[in-house]
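With the working numbering as the guide, the letters of the first sequence map in order to residues 9 to 943. One structure below.
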Amino acid sequence: MEYKFAEIEEKWKKYWVEKQVYKITEDTSKPKYYVLDMFPYPSGAGLHVGHPLGYVASDIYARYKRLKGFNVLHPMGFDAFGLPAEQYAIETGTHPAETTAKAVKRYREQFDKIGFSFDWSRSVNTTDPGYYKWTQWIFLKLFNSWYNREKNKAEPIEALIQHFEKNGSAGIAPSALERIGKEFSANDWNVFSKSEKQNILMHYRLAYLSYAEVNWCAALGTVLANDEVKDGKSERGGHPVERRKMRQWFLRITEFSDRLLEGLERLDWSEAMKDMQRNWIGRSEGASVKFKLREGELEVFTTRPDTIFGATFMVIAPEHELISQLVTTEQKAEVEKYIGYVKSRTDVERQQEKKVTGVFTGSYAVNPFTGKDIPVWIAEYVLSGYGTGAIMAVPADDERDHKFAEKFGLPIIDIIDKSMYPGATIEDKLGKMINSDFLNGMEVKDAIKAVLDEIEKRGIGKRKVNYKQRDAGFSRQRYWGEPFPIKYEIIGKPDAHLKGDGESDDIPTGLNESDLPLILPNVSTYKPTGDGQSPLANSSDWVAQNYETDTMPGYAGSSWYFLRYMDADNDKEFASKQKMDYWKNADIYFGGAEHAVGHLLYARMWNKFLFDLGLVPMDEPFQKLVNQGMIQGRSSIIYRHKETNEFVSFNLVQQNEEDKYQKLHANIAFVKDDILDIDKFKEWREDYRNAKFVTGKDGNFVCGHEVEKMSKSKYNVVTPDDVIAKYGADCFRMFEMFLGPIEQSKPWDDKGISGVYNFLRKFWRMFYDDKGNWRVTDEAPTDAEFKILHKTIKKVGEDIERLNFNTCISSFMIATNELNALNSNKRKILEPLLIALAPFAPFVAEELWEKLGYAGSIHQATYPKVEEKYLVESTHEYPVSVNGKLRAQIQLPLDMPQDEVQKLVMELENVKKWTNGNAPKKFIFVKGKIVNVVV
RNA sequence: GCCGUGGUGGUGGAAUUGGUAGACACGCAGGACUUAAAAUCCUGUGACACUUAAAUGUCGUGCGGGUUCGAUUCCCGCCCGCGGUACCA
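Below is the structure:
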């Protein structure tokens, strides 16, 4: 009997659905294990071979844990709100829900084909009102909560209101002075108008309205993502883009910064991933210091207050609110020109380019320690979002300040003598203070403390912890997202809250929980309104009811989906307490490193927030994290000569002449081993029908190649469907794992897939010979056969735990080769080996399990136990080195003592030759490893 | 720019705590079976030098240094690819 993968896979796919093999309940008799996967966005193109990499790995892991006796939760769902479906809706008028449903269906088919063991009864979809009802519900909780710094946890806003009613703003951190600019008494509070009260509360709510800059493209009438902006122009159409302030929702994630940092210590994540989160949060200790201006003062944040005597000028961000006050009449024109230039640039560009740009405001501030007037400049390297948007510039001790001072001829005063620290860089907090009055002679560390004390004593500033992390923007001017469960109470001009950049006193009010979900309305057009509002503003019904017209961002639904899987159909709660107490949190999460500072921070914050309100049992949602790499595409490139318009075979293109050619993508379907099928290519596109091709001597037309993201537009997409049709799903799964370590990114190349295919057939042939005869016997295996078996299940088990799936495949190949060499077909060997293989190749394992005479599914069997007695070795073949170079080998008992080993080794022919018979200077013996003779 | 990550034969990769570099597989070459092909099986395969052969030697893990009896692995300095950089998901 042949290995007919298509029949086998079809058969078991059906069986698994019919028998609900992967359906899971909260079975308290077994230990729980939660294997979570990255939440996929269902794109219209379907899955390509890159997507399943992590899913195959997690599926193997989940199946392995199940065989090991765990009750495994392994769900899958869809993060289906997003731009692509909306873009398609704008182009074609198709409702995004329709596009999404189609894509989800296709994904599901592909998932099933690959043989994943997901419990589909727990699937979720963020665009389903039954799901986003709870996303809205959590948003309301955020809106109706504040962060109590004293208790260090989030709590209902009522607690804050009660405090205000009783004590006014006294004793609240952060202070009302800091948040709204003034303190107030209980009496004040009680006579404040409704909108005054709401305005104050807004500064404390965890979901709040504020103003922020966005990329505004007037020509497209829409707000753009940073990656839709290239060189200050819109990527689509090349229209000018500028920064524009708009009123929008934010999540006060900064209140959780310290706990997000602290929580990392308890997680089983890679240090790299933790570092990225730490750097993103960017906690730094320093001081806020006020510099006097002619009128008022300019506040800066600095981590190096010790350098204040070297502060020879100040720099403020181009968005700083004091600009209009600081700019003198003479400088006005120049400043306006500069700000216009800055507006055309994104934050990334502003930090990325090393260009030193800036402009003088014409005004001066006073250095509080030197008492000298220092000029105030505007420059783009100071970002408005960080600290106070203003810095004291110390050119002697900061590289960017130094470059700035050099370019604009500003004074530089040395303040730190680093001469006793050769090799110390400018950033190192090392050296002795000079030119710094009372700090002179102090070490930097001591000087920081001394100057902080002095700053606080003089009342010109105070110690402060600052975070690079900013509050998270939570509004999108898009259609395809969750509507906010918010209504405005109109105060003053009607609709003022709709004008994104207009001042508005309108009071946002949360809907009642009983009014959820607030269903996304149908609209006549998905196009933006042109004045910066979301397409929801096109719905007159919606606007008439004064609903918020912005929608939530993509990360809203994905910030809590892992909780919903525990209880996906619950319409009373987002998940029941009982079920959450059972599943707790994800034991392992397979997700890409690209989520390091986005999704993984938001989800942790949401979870901590729900934890504070007593709604979830664990304060961290993802105990262990695995970052799978990306599989990139390997595009085929053909070269067209710019002048002759002929396509030229790549082997004829001279290396230094590449720029004479235009590079075009050829569909990889027409390319085999880098050789183009010219006829197919001509047929493909009308305009290539009459193209001329210059081939090599052998008549072949060779393509170049490039590694880039797999995408439709690059014609380099390979789908799992194609691979499965050719080799089967078991082979596809194993090959994806065989490609290399899952954390690593690599281009897809199916060169080598035949190796895995051959393995599966070899494995099959241990059960059936060429003529279809059953080969498995009940004979007792030899020790040598047992050794192969136990060596393999030990190695495979360890490698799965370590997530080294690629070497598991090698181990199975080695075992098969070794058993074949012994002509071994014994049930006692093959049966346990088959169970070990089942997580990797679930279909063929199921088929052979049945053939072995079992009625149930192999995926509900028990993982074989390693019997160490077959693995004990008594001797070792020692490599013998002389001076670190391998010169001989010798087989010795493992329990032989060193002096005996030395005696035998020194007598070896080759050792004598390389030591010239000299006695060793040193004899290194590592038991069970190596021998090294040093002469 | 900043943060993170990776670089090993013709190719994908292995080497788990500093201990035989190249497991396993692809590709390639030669052979067996066959009328032939496919499939399957066997042998060889890092580079260079030397040799009839067996063997042997030198070099070799992006580049340049260092620590060590011993470095793909640890340290210092560089080069290149990839991911993130706050409205792609």
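From the three backbone atoms N, C-alpha and C, an ideal C-beta is built for every residue, glycine too.
Taking DSSP as the reference, what is the three-state secondary structure of residue 740? Here residue 740 sits in helix by DSSP.
For residue 661, the three-state DSSP class (helix, strand or coil): In the structure shown, the three-state DSSP call for residue 661 is coil.
Residue 110 lies in the alpha helix (DSSP H); which residues open and close that run? Note, residue 110: alpha helix (DSSP H), 104-122.
What does residue 25 pair with, by DSSP beta-bridge criteria? In DSSP, residue 25 forms no bridge with anything.
If you follow the alpha helix (DSSP H) that residue 890 is in, where does it begin and where does it stop? Note, residue 890: premise wrong, no alpha helix (DSSP H); beta strand (DSSP E) at 883-890.
Helix, strand or coil: which one does DSSP assign to residue 504? Residue placement at residue 504 is flagged as unreliable, the pLDDT there being 49, under the threshold of 50; a coordinate-derived value is accordingly withheld.
Assign residue 959 to buried or exposed, taking buried as 16 or more other Cβ atoms, counted over all protein chains shown, within 10 Å of its Cβ. With the chain covering only 9 through 943, there is no way to say anything about residue 959.
Tell me the residue span of the beta strand (DSSP E) that contains residue 162. 161-164 is the extent of the beta strand (DSSP E) around residue 162.
C-alpha distance - residue 1017 paired with residue 579, whole-angstrom precision: Outside the displayed span of the chain (9 to 943) sits residue 1017, for which this structure offers no information.
How is residue 310 classed by DSSP in three states: helix, strand or coil? Looking at residue 310 - three-state DSSP - the assignment turns out to be strand.
Given a cut-off of 9 Å on the beta-carbon distance, is the pair residue 851 and residue 128 in contact? Going by beta carbons, residue 851 and residue 128 fall outside the 9 Å limit.
So which of 482, 353, 318, 418 has the shortest CA-CA distance to residue 379? For the residues 482, 353, 318, 418, the minimum Cα distance to residue 379 belongs to 318.
For residue 446, count neighbouring C-beta atoms within 10 Å of its own C-beta (all shown protein chains included) and say buried if the count is 16 or more, exposed if not. Exposed, since its Cβ has fewer than 16 Cβ neighbours within 10 Å.
Assumed close pair residue 559, residue 493 - CB separation to whole angstroms, cut-off 8 Å: With 8 Å as the limit, residue 559 and residue 493 do not qualify as a contact, their Cβ atoms being about 12 Å apart.
Determine, using beta carbons only, whether residue 725 and residue 676 come nearer to each other than 9 Å. At a Cβ-Cβ threshold of 9 Å, residue 725 and residue 676 count as neighbours.
Simplified DSSP state of residue 810, which is helix, strand or coil: Judged by DSSP in its simplified three-state form, residue 810 adopts coil rather than helix or strand.
Using only alpha-carbon positions, find the residue among 680, 295, 332, 678 that is nearest to residue 370. If you compare the alpha carbons of 680, 295, 332, 678 with that of residue 370, the shortest gap goes to 332.
For residue 649, the residue or residues it bridges with in DSSP: Among the bridge pairs identified by DSSP, residue 649 is matched with 669.
Can the beta-carbon of residue 122 be found less than 9 Å from the beta-carbon of residue 60? A contact, by the Cβ cut-off of 9 Å.
Check each candidate in 347, 694, 647, 271 and name the one with the smallest Cα separation from residue 673. Ranking 347, 694, 647, 271 by Cα distance to residue 673 puts 647 first.
Sorted by chain position, which residues of the same chain lie with C-beta nearer than 7 Å to residue 771's C-beta, five sequence neighbours on each side aside? Correct list, in chain order: 824.
So what's residue 716 in DSSP terms, helix, strand or just coil? Looking at residue 716 - three-state DSSP - the assignment turns out to be strand.
Looking only at its own chain, which residues have a Cβ that is under 6 Å from the Cβ of residue 473, when we skip the five neighbours before and after it? In the same chain as residue 473, and ignoring 5 residues on each side of it, the C-beta atoms closer than 6 Å to its own belong to 293, in chain order.
Between residue 881 and residue 841, what straight-line distance do the alpha-carbon atoms span, to the nearest angstrom? One C-alpha to the other measures close to 22 Å.
Give the straight-line distance between the Cα atoms of residue 438 and residue 398, rounded to the nearest whole angstrom. Here the alpha carbons of residue 398 and residue 438 stand approximately 25 Å from one another.
With distances taken from CA atoms, which of 119, 145, 76 is nearest residue 523? Of the candidates 119, 145, 76, the one whose C-alpha sits nearest the C-alpha of residue 523 is 145.
I'd like to know if the stretch 76-95 and the stretch 760-771 are in contact, where contact means that at least 3 CB-CB pairs between them fall below 8 Å. With a cut-off of 8 Å on Cβ pairs, the stretch 76-95 is not in contact with the stretch 760-771, counting fewer than three such pairs.
What is the C-beta distance between residue 848 and residue 774, in whole angstroms, given that I count them as a contact (C-beta under 8 Å)? With a contact defined as Cβ atoms closer than 8 Å, residue 848 and residue 774 miss out at about 16 Å.
Local conformation of residue 518 per DSSP, three classes: DSSP places residue 518 in the strand class (E or B) of the three-state scheme.
Coarse secondary structure for residue 490, derived from DSSP in three states: Of the three classes helix, strand and coil, the one that applies to residue 490 here is coil, per DSSP.
By a C-beta neighbour count over all protein chains shown, 10 Å radius and 16 as the cutoff for buried, is residue 894 buried or exposed? It is exposed - the Cβ of residue 894 has fewer than 16 other Cβ atoms within 10 Å.
Where DSSP assigns a beta bridge to residue 137, which residues make up the other side? Checking the DSSP bridge columns, you'll see residue 137 has no partner listed.
Measuring straight from C-alpha to C-alpha, what distance separates residue 878 and residue 794? Going by the C-alpha atoms only, they are around 6 Å apart.
Between the C-alpha atoms of residue 5 and residue 133, what's the straight-line distance to the nearest angstrom? This structure does not reach residue 5, given that the chain is present from 9 up to 943, and the question cannot be answered.
What did DSSP end up calling residue 325 once you bin it into helix, strand or coil? In the structure shown, the three-state DSSP call for residue 325 is coil.
Identify, in the order they occur along the chain, each residue of the same chain with its Cβ nearer than 6 Å to the Cβ of residue 509, setting aside the five sequence neighbours on each side. Because the pLDDT of residue 509 is 47, which lies under 50, any placement of that residue in the model is unreliable, and the number read from its coordinates should be weighed accordingly. Around residue 509: 253, 254.
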